[in-house]
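Heads up: take any position in the sequence shown, counting from 1, add 1322, and you land on this note's numbering.
Glycine is no exception: its CB is placed at the ideal position from the N, C-alpha and C atoms.
For reference, the structure is listed below as structure tokens.
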Amino acid sequence: MTTILDGKKLRDKIFEDLKNKLDKMPVKPTLAVILAGDDPSSRIYVNNKKKCAEKLGINSIVIEYPSDVTEKEIIEKIQELNNDNKITAILVQLPLPKHIDKLKVIDTIAPQKDVDGLTTTNCGKLFAGEKPYVYPCTPKGILLLLDEYNIEIEGKHAVVIGRSNLVGKPVAQMLLNRNATVTMCHSHTKNLADIIKTADIVVSAVGKNVVGEKNIIKSDCVIVDVGIFRDESGKVRGDVENVSPAYLSPVPGGVGPMTIASLMLNTVELLSFA
Ligand code: GUN
């Protein structure tokens, strides 16, 4: 029998605690979100973030740019937000339009206001085994979900599929920092199925179906499905289908709600560095 790692339930619990905490705070955090371009999914994500923040009592502003915005305009806006004492957290929604240097833009964010934990300072701290100002939202959400279900990490073989800066790399490092033995897999990995066979924990963050009925998995395996995409028929699907591990995060309702819960937690945590 598979136990579902219920991200919605944990998100609701986190929101309830956060709301109580925020109600008692004399100074509320303010989250600034930069949205550039016309990616429809990004717009939905940003609207959700704003709605969530408002419900909890976090101030938020969204700064929108058309897809032909220049890198200079965004960088200057971030510098302005860095110097604005009222702004305590900054997020640049990804993806950015192709002509913009994503890393340069992200690295303009002051590390103490970097609510995604994606600046080189925060990544560097994470990779050096030091505490970053905050941890990246999706990896943080994944570990909160594993901890909620008392899933042991130390000494386990964790297989991470996908090597993005947003999920794959930081979650691998966070699992390593918790003493897992981590194998990183990606599009050039040979014998992925052989590696999955030996996994105690699988985190799949690819955005297409990579784990399915062809795979043999350990009966006590824990699978975290981070991928979410729509197939040709418009159906929402994850990276993982037709397997019966001991624990599985569903799509939707698993990691997605935990990412937004982590963003709200990070926004509140950053207030202590303001
Ligand atoms: N786009 C998709 N997920 C994320 C995220 O967690 N943070 C940012 N900044 N952009 C994203």
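Check, Outcome
"Which residues bound the beta strand (DSSP E) around D1547?", "V1544 to D1547"
"Please confirm whether E1386 has its beta-carbon closer than 7 Å to some beta-carbon of chain E.", "Absent from the structure: chain E. Only one protein chain is present."
"Compare the Cα-Cα distances from K1343 to each of L1425, F1595 and V1590 and report the closest residue.", "V1590"
"Nearer than 6 Å: is that true of the beta carbon of D1542 relative to any heavy atom of the ligand GUN?", "no"
"Between A1480 and I1431, is the Cβ-Cβ spacing less than 7 Å?", "no"
"Bridge partners of T1507, per DSSP?", "First, the residue type needs correcting, since residue 1507 is Cys and not Thr in the sequence shown. According to DSSP, which records beta bridges pairwise, C1507 is partnered with I1483."
"Could you name the residues of the same chain whose beta carbon sits closer than 6 Å to that of A1596, not counting the 5 residues immediately before and after it, in chain order?", "T1410"
"Kindly indicate the opening and closing residues of the beta strand (DSSP E) around L1413.", "A1411 to V1414"
"With a threshold of 6 Å (Cβ to nearest heavy atom), would D1609 be considered close to the ligand GUN?", "Limits of the chain in this structure are 1323 at one end and 1596 at the other, which puts residue 1609 out of reach."
"In the DSSP assignment, what residue or residues form a beta bridge with R1552?", "V1558"
"Would you kindly report the start and end of the unbroken beta strand (DSSP E) that includes L1466?", "Run containing L1466: none in the beta strand (DSSP E); it sits in the alpha helix (DSSP H), C1459 to E1470."
"Between the alpha carbons of I1356 and K1536, how many angstroms are there, rounded?", "41 Å"
"Rounding to the nearest angstrom, what Cα-Cα distance links F1449 and Q1495 in this structure?", "6 Å"
"Hey, S1584 and K1462: beta-carbon distance below 7 Å or not?", "yes"
"Rank P1433, Q1415 and Y1457 by C-alpha distance to the C-alpha of S1363 and give the top, closest one.", "Q1415"
"Whole angstroms are fine: how far does the CA of D1406 sit from the CA of A1515?", "50 Å"
"Judging by CA-CA distance, which residue of D1361, P1454 and L1466 is the nearest neighbour of K1420?", "D1361"
"I believe L1332 touches M1580 by the beta-carbon criterion, under 8 Å. Please report the beta-carbon distance rounded to the nearest angstrom.", "7 Å"
"Is the separation between the beta-carbon of D1553 and that of V1532 shorter than 7 Å?", "no"
"Within the structure, which residues are defined as neighbours of the ligand GUN by a Cβ-heavy atom distance below 6 Å, reported in chain order?", "L1413, V1414, Q1415, L1416, D1438, C1459, T1460, L1488 and T1581"
"Rounded to whole angstroms, what's the CA-CA distance from A1375 to K1512? Just pull it up for me.", "43 Å"
"Any idea if S1541 is buried or exposed, counting beta-carbon neighbours within 10 angstroms, 16 or more meaning buried?", "exposed"
"Between the Cα of E1476 and those of R1500, V1456 and L1488, spot the shortest distance and give me the residue it belongs to.", "R1500"
"When we look at the beta-carbon of S1509 and count the other beta-carbons within 10 Å, is it buried (16 or more) or exposed?", "exposed"
"Whole angstroms are fine: how far does the CA of K1478 sit from the CA of A1502?", "5 Å"
"Is the Cβ-Cβ distance between V1548 and V1489 less than 7 Å?", "yes"
"Could you give the DSSP three-state label for Y1569: helix, strand or coil?", "strand"
"Can you give me the start and stop residues for the beta strand (DSSP E) that N1381 sits inside?", "N1381 to Y1387"
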